[in-house]
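To start, the structure itself, in structure tokens.
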Amino acid sequence: MIAAWALAAAVVFARPGGAEQQPSRPAPAYTAASVVNAASHQPGALAPNTIATLYGEELSYVTRALRAEDVRDGVLPTLLAGSGVRVLVNNIPAHLYYVSPRQVNLLIPANLTPGAAELRLTVDGRAGPAVLLRLDAAAPAVFQLDGRTVLAVRVDGGELVTPDTPARPGEIVTLYATGLGQTSPPVRPGEVARSATALDPAAGFRVYLDGKEQPAANVPYAGLAPGFAGLYQVNLRVPEDLESAPELRMVAAGQWSPAGLSLPVGRR
Numbered sequence: 001m002i003a004a005w006a007l008a009a010a011v012v013f014a015r016p017g018g019a020e021q022q023p024s025r026p027a028p029a030y031t032a033a034s035v036v037n038a039a040s041h042q043p044g045a046l047a048p049n050t051i052a053t054l055y056g057e058e059l060s061y062v063t064r065a066l067r068a069e070d071v072r073d074g075v076l077p078t079l080l081a082g083s084g085v086r087v088l089v090n091n092i093p094a095h096l097y098y099v100s101p102r103q104v105n106l107l108i109p110a111n112l113t114p115g116a117a118e119l120r121l122t123v124d125g126r127a128g129p130a131v132l133l134r135l136d137a138a139a140p141a142v143f144q145l146d147g148r149t150v151l152a153v154r155v156d157g158g159e160l161v162t163p164d165t166p167a168r169p170g171e172i173v174t175l176y177a178t179g180l181g182q183t184s185p186p187v188r189p190g191e192v193a194r195s196a197t198a199l200d201p202a203a204g205f206r207v208y209l210d211g212k213e214q215p216a217a218n219v220p221y222a223g224l225a226p227g228f229a230g231l232y233q234v235n236l237r238v239p240e241d242l243e244s245a246p247e248l249r250m251v252a253a254g255q256w257s258p259a260g261l262s263l264p265v266g267r268r
């Protein structure tokens, strides 16, 4: 439960803003650089089935977050009722989590292929610019507790891992990420994962702590997070030989998650 609320705060409700419906507005304004990975907040770090955030102006006339009733047949909506906002990526509708005048959170369609991709947002028929993005096979990024610490919870009990309540050697913690790439079997676009679905082994997913690759035995699960769309979870057993705040990075399909984030680790 803690993880779900923390993730909602990080992904859905970041930078909210309000606006009243107005009949006459300029067209949406944004650039390719304002389309970022929702976990790392870095532009250009995108892949199929990655949660992305689009920043701009006049992106929506209302503020609207995803609700349980918006999810139909286990798939996120491509239009949040009452918002008029649609996002196309290579003419394929993206699924939406949140819309507001200056921010839209969306899921890059899982059925796109890596390479160049064109994104365009429309609101009530008013079209923004078509901007060119690059999609990689994976674009790993770990959700953050703050600008220096990864978001992690204990598998046993769900307690949040913080510098004040660090993980202990031998414990298993769950990390939350996006952009980890294809799963086996593949996920449908916008699909809410109903059960654990592991990453495709071909992606060569690995976790590093202070530059040291973790053995497979220390990563008992890496794949989709059940109950979410576009969200991945990685279960990590904390090894014995660690400093107090090791840098944590992930690699998938040859792409690395950003440097500079640590996992709080204490002693027994």
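Be aware that the sequence shown starts at 1, since it is given in my numbering, and climbs by one per residue.
No residue lacks a Cβ here, since even glycine has one placed at the ideal position from N, Cα and C.
Fair warning: this is a prediction, and the values are worked out from it, not measured in the lab.
Residue closest to Asp210, alpha-carbon to alpha-carbon, out of Thr197, Val219, Leu242:
To locate residue 210, count along the sequence shown from 1; it is residue 210. The candidate whose alpha carbon is nearest that of Asp210 is Leu242.
Do you know how far the Cα of Ala130 is from the Cα of Val36?
Looking up residue 36 in the sequence shown gives position 36. Looking up residue 130 in the sequence shown gives position 130. Whole-angstrom Cα-Cα distance: 16 Å.
Compute the Euclidean distance between the alpha carbons of Thr178 and Glu58, then round it to the nearest angstrom.
Indexing the sequence shown from 1 puts residue 178 at position 178. Indexing the sequence shown from 1 puts residue 58 at position 58. In a straight line, the C-alpha of Thr178 is about 27 Å away from that of Glu58.
With contact counted as at least three CB pairs below 8 Å, one residue from each stretch, are the stretch 190-198 and the stretch 154-172 in contact?
With the cut-off at 8 Å, the stretch 190-198 and the stretch 154-172 do not touch.
Closest by C-alpha distance to Val75, when choosing among Gly204, Leu106, Ala39:
Mapped onto the sequence shown, residue 75 falls at position 75. Closest by C-alpha distance to Val75, out of Gly204, Leu106, Ala39, is Leu106.
Measuring from the CB of Arg154, is there a heavy atom of the ligand HEM at a distance below 7 Å?
The model on display carries no ligand, and the ligand HEM is accordingly not part of it.
From the DSSP output, in three-state form, read off Glu159 for me.
One-based indexing of the sequence shown puts residue 159 at position 159. For Glu159, the three-state secondary structure derived from DSSP is coil.
So, is Ala217 buried or exposed, given that buried needs 16 or more other C-beta atoms within 10 angstroms?
Within the sequence shown, numbered from 1, the residue matching residue 217 stands at position 217. When all chains shown are included, Ala217 counts as exposed.
Asn91 versus Ala198 - alpha carbon distance:
Position 91 of the sequence shown, counted from the start, is the residue given in the question as residue 91. Position 198 of the sequence shown, counted from the start, is the residue given in the question as residue 198. For Asn91 and Ala198, the gap between their C-alpha atoms comes out near 28 Å.
Once DSSP output is grouped into helix, strand and coil, what is the label at Ala117?
For this step, residue 117 is matched to residue 117 along the sequence shown. Correct three-state label for Ala117: strand.
Under the rule that 16 or more other beta-carbon atoms within 10 Å means buried, what is Ala230, buried or exposed?
As a position in the sequence shown, residue 230 is number 230, starting the count at 1. It should be noted that the sequence gives Gly, not Ala, for residue 230. Note on Gly230: 16 or more other CB atoms within 10 angstroms of its CB, so buried under the neighbour-count rule.
Contact under 8 Å by Cβ, Ile51 with Ala39:
For the purposes of this step, residue 51 is identified with residue 51 of the sequence shown, where counting begins at 1. For the purposes of this step, residue 39 is identified with residue 39 of the sequence shown, where counting begins at 1. Cβ atoms of Ile51 and Ala39: closer than 8 Å.
Name the residue from Gly254, Ser262, Arg206 whose alpha carbon lies nearest to the alpha carbon of Thr162.
Reading the sequence shown from its first residue, position 162 is the one you call residue 162. Among Gly254, Ser262, Arg206, the Cα nearest to that of Thr162 is on Ser262.
Looking at C-beta atoms only, is the number of pairs between the stretch 110-122 and the stretch 140-155 that lie closer than 8 Å three or more?
Proximity of the stretch 110-122 to the stretch 140-155 falls short of the contact definition, fewer than three beta-carbon pairs being nearer than 8 Å.
For the beta strand (DSSP E) that Arg154 lies in, which residues bound it at each end?
Taking the sequence shown and counting its residues from 1, the one referred to as residue 154 is at position 154. Taken as a continuous stretch (DSSP letters only), the beta strand (DSSP E) holding Arg154 covers 152-154.
Within the continuous beta strand (DSSP E) that includes Gly223, where are the two ends?
One-based indexing of the sequence shown puts residue 223 at position 223. Looking at the DSSP string, the run of the beta strand (DSSP E) that includes Gly223 is 221-224.
Within 10 angstroms of the Cβ of Thr113, are there 16 or more other Cβ atoms? Answer buried if so, exposed if not.
Along the sequence shown, read from residue 1 onward, the residue named residue 113 stands at position 113. The residue is exposed, with fewer than 16 neighbouring Cβ atoms inside 10 Å.
Thinking C-beta only, is Thr78 closer than 8 Å to Ala94?
Taking the sequence shown and counting its residues from 1, the one referred to as residue 94 is at position 94. Taking the sequence shown and counting its residues from 1, the one referred to as residue 78 is at position 78. The criterion of a C-beta distance shorter than 8 Å is satisfied by Ala94 and Thr78.
Integer-rounded CB distance, given that Ala127 should sit under 8 Å from Ala27:
Within the sequence shown, numbered from 1, the residue matching residue 27 stands at position 27. Within the sequence shown, numbered from 1, the residue matching residue 127 stands at position 127. That pair is a contact at about 6 Å.
Using 8 Å for Cβ pairs, my map puts Leu236 next to Val219. What's the rounded Cβ distance?
Within the sequence shown, numbered from 1, the residue matching residue 236 stands at position 236. Within the sequence shown, numbered from 1, the residue matching residue 219 stands at position 219. Correct: roughly 6 Å between the Cβ atoms.
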